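S.K.: Residues in the sequence shown are numbered from 0 upward in steps of one, following numbering that gives the first Met the number 0. Idealized CB from N, CA, C, for every residue including glycine. All values reported here derive from a predicted model rather than from experimental measurement. Before I ask anything, let me first share the structure, which is written out below as structure tokens.
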Amino acid sequence: MNELHGDTICALATPPGVAGLAVIRVSGPNAVAVCSSCFTSAVALSQAPSHTIRVGWWMAGTTRIDEVTCTLFLAPNSYTGEDVVEIGCHGGVFVVNQIIASLVDWGVRPALPGEFTRRAFVNHKLDLTQVEAVADIIHSQSVPGAQTAARQLAGGFTAQLSDLRYQLLSAAGLLEVELDFSEEGYEFVSREAFAKAVIKGLSVVSNLLDSARAAEVLRSGFQVAIAGYPNAGKSSLFNALLGRDRAIVSPVAGTTRDYIQEQLVIDGCTVHLVDTAGLRDTADTIEMQGIRITRSQIEQSNLVLVVNDASAGFAHSMGLCAELEDKFPGHKVVTVQNKMDLLNMDLGQWDSLVPAGHVAVSSLHPEGVSALRGILSEAVSASYDGVMDALVNARQAALLQTIKTTLESTLRSLQHNIPADLIAIDVRSAVRVIGEITGETWNPDVLDQVFSRFCIGK
Ligand SMILES: Nc1nc2c(ncn2[C@@H]2O[C@H](COP(=O)(O)OP(=O)(O)OP(=O)(O)O)[C@@H](O)[C@H]2O)c(=O)[nH]1
Ligand SMILES: [Mg+2]
């Protein structure tokens, strides 16, 4: 498939606003000629070798706009694969706008979001999994997420599928040749050896699929919902974990109506902490709405903390825990015994008092929530265990699922001596879907979807 770009584009590549420096990127066939016209330096830009930097003045006609640097990357050795000039100027809205205006005067078009990376993909500088890694690096909500995306940018995802793709392609070719010799009864593909390769491929695909949920945590962060009966101390615990008074706390049951979300970073991963309305039967319509929203927040969470007022008895919230485990199977629910200070026992004894698996805290004392921090840290790191070189996203997961189903069908066919032509159809189809993941086969809709996450200048 082809996507032709003839024009030259430009955009600010650094965040807009007041800053020490800003970088404007220009890419396309006229990049060097246009920049040469606006840039005066000792050695003309058009004479400079690739991958060098020149210092000089950016001019709009006879007016000096700013003293800038121009870094030259000649095609095909640039980010986009086209001629690229990166103009480094002083940060600030007016300088940047004047430089961009002078480029536009020379016929350069302002770039669309992600257009530089789109050109890099079309010019085979990056495959589609690497493009998606660029978006993940920009938006990453965790240190391990950014590191995994960097491994994906280095080609880690495609590498995992390339062996399978090679095996499938060569088997498909041989299966098709077999057809020409079907009357002689030749078997060019050992069914047993090919079945082994398919089983190995299935395990690679299944592992990638299994990591999709974990990848979502690394990409978007880990959500923790604080739930419980009214007055259990949810908002107090929320504030204690954040280290500041963010939510209103009061002895009146039903204080929190809407949910409140704040971020904290635990072991390099963003945790979205959500304080919710107390769960109880109520006739108050506003409170009922809050309770509905609470349930939807719980649904989206990776971990639910059920806060129990320990002074009302350790088993006081058991009914609620059972109900949540029943309604949200697969969700990790941890019971937090709060207000332990009211039991008049030393902090050192709290853990031994509460039922096994429960966490003993007091949100009134800073040291009273340290055990809970430990639990959160464990849950966060366990949630992305097993993620290796790929941050599998929803688009890729859907395609991986199709490959899995196709390979399972191939395996059944191999075990039941189905004719070679039928097996070859499945095998070719799996190869095509692998191509959709890496971008060997694509259509503009897929690219639009992938690039919708990009910002202007990337
Ligand atoms: N002694 C003691 N009191 C606490 C503790 N945590 C919360 N409280 C008190 O319990 C009352 C209720 O606290 P909140 O944090 O508002 O409780 P909540 O669960 O958010 O309540 P709703 O939003 O109404 O559902 C307040 O008076 C708090 O000061 C604790 O660990 N020890
Ligand atoms: Mg509250």
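(1) Classify Glu85: buried if its beta carbon has 16 or more other beta carbons within 10 angstroms, exposed otherwise.
(2) With Arg245 and Phe237 assumed to form a contact (beta carbons below 8 angstroms), what rounded beta-carbon distance in angstroms separates them?
(3) Would you say the beta carbon of Gly242 is closer than 8 angstroms to some non-hydrogen atom of ligand 1?
(4) Would you mind listing the alpha helix (DSSP H) stretches within the region 124-201 that are 4+ residues and don't spill past its ends, in chain order?
(5) Which class does Ile265 belong to by DSSP, given the choice of helix, strand or coil?
(6) Cβ of Met387 versus every heavy atom of ligand 1: is any distance shorter than 8 angstroms?
(7) What are the residues that DSSP puts in a beta bridge with Thr7?
(8) Does the beta carbon of Gly277 fall short of 8 angstroms from some heavy atom of ligand 2?
(9) Shortest alpha-carbon distance to Ala381 belongs to which of Leu240, Ser210 and Leu272?
(10) Report whether the distance from the Cβ of Tyr228 to the nearest heavy atom of ligand 1 is below 8 angstroms.
(11) Quick one: what does DSSP say Lys338 is sitting in, helix, strand or coil?
(12) Just to confirm my understanding: we take Asn76, look at its own chain, exclude 5 residues before and 5 after, and list those with CB closer than 8 angstroms. What are they?
(13) Taking its Cβ as the centre, do 16 or more other Cβ atoms sit within 10 Å of Lys199, making it buried, or is it exposed?
(14) Give, in chain order, every unbroken run of the alpha helix (DSSP H) that is at least 4 residues long and sits entirely within the region 218-263.
(15) Using the three-state DSSP reduction, which class does Leu71 fall into: helix, strand or coil?
(16) Which residue or residues does DSSP assign as beta-bridge partners of Cys88?
(17) Does the count of Cβ pairs from the region 299-313 and the region 182-196 closer than 8 angstroms reach three?
(18) By Cβ distance below 6 angstroms, which residues in the same chain neighbour Phe450 in space, the five residues on each side in sequence not counted?
(19) In angstroms, rounded to a whole number, what distance separates the CA positions of Arg372 and Val332?
(20) From the DSSP secondary-structure annotation, give me the bridge partner or partners of Gly55.
(21) I need the straight-line Cα distance from Leu390 to Leu217, nearest angstrom please.
(22) Is any heavy atom in ligand 1 found nearer than 8 angstroms to the beta carbon of Val335?
(23) Within 10 angstroms of its Cβ, does Ile436 collect 16 or more other Cβ (buried), or is it exposed?
(24) Please work out which residues of its chain come closer than 8 angstroms, Cβ to Cβ, to Val31, disregarding the five sequence neighbours upstream and downstream, and give them in chain order.
(25) If distances are taken between C-alpha atoms only, which option among Val273, Ala309, Thr284 and Ile52 comes closest to Ser295?
(26) Counting only the same chain and skipping the five closest in sequence on each side, list residues whose C-beta sits under 7 angstroms from that of Phe453.
(27) Within 10 angstroms of the Cβ of Tyr383, are there 16 or more other Cβ atoms? Answer buried if so, exposed if not.
(28) Report, in whole angstroms, the separation of the C-beta atoms of Leu319 and Gly227, which I expect to be a contact under 8 angstroms.
(29) On the CB-based measure, 16 or more other CB atoms within 10 Å of its CB, does Phe120 come out buried or exposed?
(30) Does Asn1 pass the burial test, meaning 16 or more other C-beta atoms within 10 Å, or should it be called exposed?
(31) Between Leu352, Arg256, Asn442 and Arg212, which lies nearest to Gly329 when the distance is taken from Cα to Cα?
(32) DSSP beta-bridge partners for Ala359?
(33) With 16 other CB atoms within 10 Å as the buried threshold, where does Asn343 fall?
(34) Let's test the definition: count the other Cβ atoms within 10 Å of the Cβ of Ser351 and tell me whether it reaches 16, buried, or not, exposed.
(35) Only counting the same chain, and skipping five residues up and downstream in sequence, which positions put a Cβ closer than 8 angstroms to that of Asp283?
M.R.: Concretely, from the data shown:
(1) The sequence position of residue 85 within the sequence shown is 86, counting from 1. So Glu85 ends up on the buried side.
(2) Counted from its first residue, the sequence shown places residue 245 at position 246. Counted from its first residue, the sequence shown places residue 237 at position 238. Yes, they are in contact, since the Cβ atoms of Arg245 and Phe237 sit about 7 angstroms apart, within 8 angstroms.
(3) Numbered from 1 along the sequence shown, position 243 holds the residue referred to as residue 242. No, the Cβ of Gly242 stays beyond 8 angstroms of every heavy atom of ligand 1.
(4) 127-138, 142-152 and 155-179
(5) Locating residue 265 in the sequence shown gives position 266, counting from the first residue. The answer is strand: DSSP assigns Ile265 an E or B state.
(6) Residue numbering aside, residue 387 sits at position 388 when the sequence shown is read from its first letter. No, the Cβ of Met387 stays beyond 8 angstroms of every heavy atom of ligand 1.
(7) By one-based count along the sequence shown, residue 7 stands at place 8. According to DSSP, which records beta bridges pairwise, Thr7 is partnered with nothing at all.
(8) As a working note, residue 277 is residue 278 in the sequence shown. Because some heavy atom of ligand 2 lies under 8 angstroms away, the Cβ of Gly277 counts as near it: yes.
(9) Here residue 381 corresponds to residue number 382 of the sequence shown, with the count starting at 1. For Ala381, the nearest C-alpha among the options comes from Ser210.
(10) The residue labelled residue 228 in the question sits at position 229 within the sequence shown. Tyr228: yes, Cβ under 8 angstroms from ligand 1.
(11) Residue numbering aside, residue 338 sits at position 339 when the sequence shown is read from its first letter. If DSSP states are grouped into helix, strand and coil, Lys338 belongs with coil.
(12) Residue 76 sits at position 77 when you count from the first residue of the sequence shown. The residues are Ser49 and His50.
(13) Taking the sequence shown and counting its residues from 1, one reaches residue 199 at position 200. Result: exposed.
(14) 233-241
(15) Taking the sequence shown and counting its residues from 1, the one referred to as residue 71 is at position 72. Here Leu71 sits in strand by DSSP.
(16) By one-based count along the sequence shown, residue 88 stands at place 89. DSSP output for Cys88 lists Ala21 as bridge partner(s).
(17) no
(18) Along the sequence shown, one-based indexing puts residue 450 at 451. If we look at Phe450 and ignore the five residues flanking it on each side, its Cβ neighbours are Gly113 and Arg117.
(19) Reading the sequence shown from its first residue, position 373 is the one you call residue 372. Reading the sequence shown from its first residue, position 333 is the one you call residue 332. Between Arg372 and Val332, the C-alpha separation is close to 15 angstroms.
(20) The residue labelled residue 55 in the question sits at position 56 within the sequence shown. The partner list for Gly55 (beta bridge, DSSP) reads Val67.
(21) In the sequence shown, residue 390 corresponds to position 391, counting from 1. In the sequence shown, residue 217 corresponds to position 218, counting from 1. Near 8 angstroms, if we compare the C-alpha coordinates of Leu217 and Leu390.
(22) Working through the sequence shown from its first residue, we reach residue 335 at position 336. Val335: no, Cβ never under 8 angstroms from ligand 1.
(23) As a first step, residue 436 must be located in the sequence shown, where it is residue number 437. With 16 or more Cβ atoms within 10 Å of its Cβ, Ile436 is classed as buried.
(24) Position 32 of the sequence shown, counted from the start, is the residue given in the question as residue 31. Closer than 8 angstroms at Cβ, skipping near neighbours: Leu44, Ser45, Leu71, Leu73, Asp82 and Val84.
(25) Here residue 295 refers to the residue found at position 296 when the sequence shown is read from its first residue. Residue Val273 is the option with its Cα nearest to Ser295.
(26) As a first step, residue 453 must be located in the sequence shown, where it is residue number 454. Contacts found: Pro112, Gly113, Thr116 and Ala134.
(27) Taking the first residue of the sequence shown as 1, we reach residue 383 at position 384. It counts as buried.
(28) For the purposes of this step, residue 319 is taken as the residue at position 320 of the sequence shown. For the purposes of this step, residue 227 is taken as the residue at position 228 of the sequence shown. Indeed they touch by this definition, with Cβ atoms about 7 angstroms apart.
(29) For the purposes of this step, residue 120 is taken as residue 121 along the sequence shown, with counting starting at 1. Counting Cβ neighbours within 10 Å, Phe120 comes out buried, since at least 16 surround it.
(30) If you number the sequence shown from 1, residue 1 lands on position 2. Note on Asn1: pLDDT 46, under 50, position unreliable in the model; the coordinate value appears next. The residue in question, Asn1, is exposed, as its Cβ has fewer than 16 Cβ neighbours within 10 Å.
(31) As a first step, residue 329 must be located in the sequence shown, where it is residue number 330. Answer by Cα proximity: Arg212.
(32) Within the sequence shown, residue 359 is the residue found at index 360, counting from 1. Ala359 pairs with Gln336.
(33) Position 344 of the sequence shown, counted from the first residue, corresponds to residue 343. Classification of Asn343: exposed, given that the 10 Å Cβ count is below 16.
(34) Here residue 351 corresponds to residue number 352 of the sequence shown, with the count starting at 1. Under this definition Ser351 is an exposed residue.
(35) On the sequence shown, residue 283 is found 284 positions in, with the first residue counted as 1. Gly253, listed in sequence order.
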